[in-house]
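Note that UniProt numbering gives residue 147 to position 147 of the sequence shown, counting from 1, and the numbers run on in steps of one.
Glycine residues also receive a C-beta, built at the ideal position from the N, C-alpha and C atoms.
A short worksheet on the structure shown next.
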Amino acid sequence: MESQNYVLAITGASGTAYAIRLAQAMLQSGATLHLVVSEAARQVALRELGTQLPGEAATSKEWLTFLATAFDQHPAAEWGFDSFEPPTDARLHCHSIRDYSAGIASGSFLTSGMVVCPCSMGTLSSVATGASTNLIQRAADVHLKERRPLVMVPRETPLGLIALENMVRLTNAGATILPSMPGFYQNPVCVADLVNFVVARICDHLRIPNSLIQRWGDES
Numbered sequence: 001m002e003s004q005n006y007v008l009a010i011t012g013a014s015g016t017a018y019a020i021r022l023a024q025a026m027l028q029s030g031a032t033l034h035l036v037v038s039e040a041a042r043q044v045a046l047r048e049l050g051t052q053l054p055g056e057a058a059t060s061k062e063w064l065t066f067l068a069t070a071f072d073q074h075p076a077a078e079w080g081f082d083s084f085e086p087p088t089d090a091r092l093h094c095h096s097i098r099d100y101s102a103g104i105a106s107g108s109f110l111t112s113g114m115v116v117c118p119c120s121m122g123t124l125s126s127v128a129t130g131a132s133t134n135l136i137q138r139a140a141d142v143h144l145k146e147r148r149p150l151v152m153v154p155r156e157t158p159l160g161l162i163a164l165e166n167m168v169r170l171t172n173a174g175a176t177i178l179p180s181m182p183g184f185y186q187n188p189v190c191v192a193d194l195v196n197f198v199v200a201r202i203c204d205h206l207r208i209p210n211s212l213i214q215r216w217g218d219e220s
């Protein structure tokens, strides 16, 4: 059995642009996106993007409108992102972080994978220890126990021993640790190029088709 349901959890680490661009790419691919956002993520987004993320009770329509204009404000307007027009058949489901009745809280709900982007050290720790104190942590735990792809995108520097040990623990449990470390061999000229590099790598690990970057060895 296969499903094109993907879960995107946005937590309170720096790197909101990665999450927004990833949501856009997932919807453009035709996937069904299940979105969960922490309160800390909303605080970070306001500082980084100069605009508010939709509230916890926001509808899918409100989120699609936001995704179409997320990079229009200063400072993001200077980062070089292409405009985004949500597909007319976009499938986006928004879940409260406290809603354990959501399908993604159960292994019986089929998904193709989950990504926590950006992933705070607090979320990393909670998932590594099986805390499951909110829907993000529970959904991540479900993906681990069901042996489905789980991609964690931490953004922290330097990395302390506890964080490193948590990453090893999650790797041993089946997760992929994919730090937001863009490569420079694509000769980036703007912030969007760096963000797209990381988003492309995330999509690759979730088997989501994309053409966000020119790949190594591709001379076309």
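Ala9, DSSP secondary structure in three states: Judged by DSSP in its simplified three-state form, Ala9 adopts strand.
Endpoints, the beta strand (DSSP E) within which Leu206 is located: It is not in any beta strand (DSSP E) - Leu206 carries neither H nor E in the DSSP assignment.
Segment contact, 8 angstroms Cβ cut-off, at least three pairs: the region 31–40 with the region 6–19: Yes, they touch.
Through-space distance from Leu49 to Ala76, alpha-carbon basis: Ala76 and Leu49: Cα-Cα distance of roughly 6 angstroms.
Local conformation of Gly103 per DSSP, three classes: Gly103: helix per DSSP, three-state reduction.
Segments assigned alpha helix (DSSP H), at least 4 residues, entirely inside the region 127–157: DSSP runs (the alpha helix (DSSP H)) wholly in the region 127–157: 135–145.
Same chain, Cβ closer than 7 angstroms to residue 226, five either side skipped, listed in chain order: No statement about residue 226 is possible, as the shown extent of the chain runs from 1 to 220 and does not include it.
DSSP three-state assignment for Arg98, whether helix, strand or coil: Note: Arg98 maps to coil in three-state DSSP.
Pair within 8 angstroms by beta-carbon distance, Ser29 and Asn210: Pairing Ser29 with Asn210 gives a Cβ-Cβ distance under 8 angstroms.
The region 11–20 / the region 103–120 touching (three or more Cβ pairs under 8 angstroms): Verdict: yes, contact present.
For Thr69, the first and last residue of its enclosing alpha helix (DSSP H): Residues Ser60 to Thr69.
Reduced DSSP category for Thr16 - H, G, I as helix; E, B as strand; rest coil: Correct three-state label for Thr16: helix.
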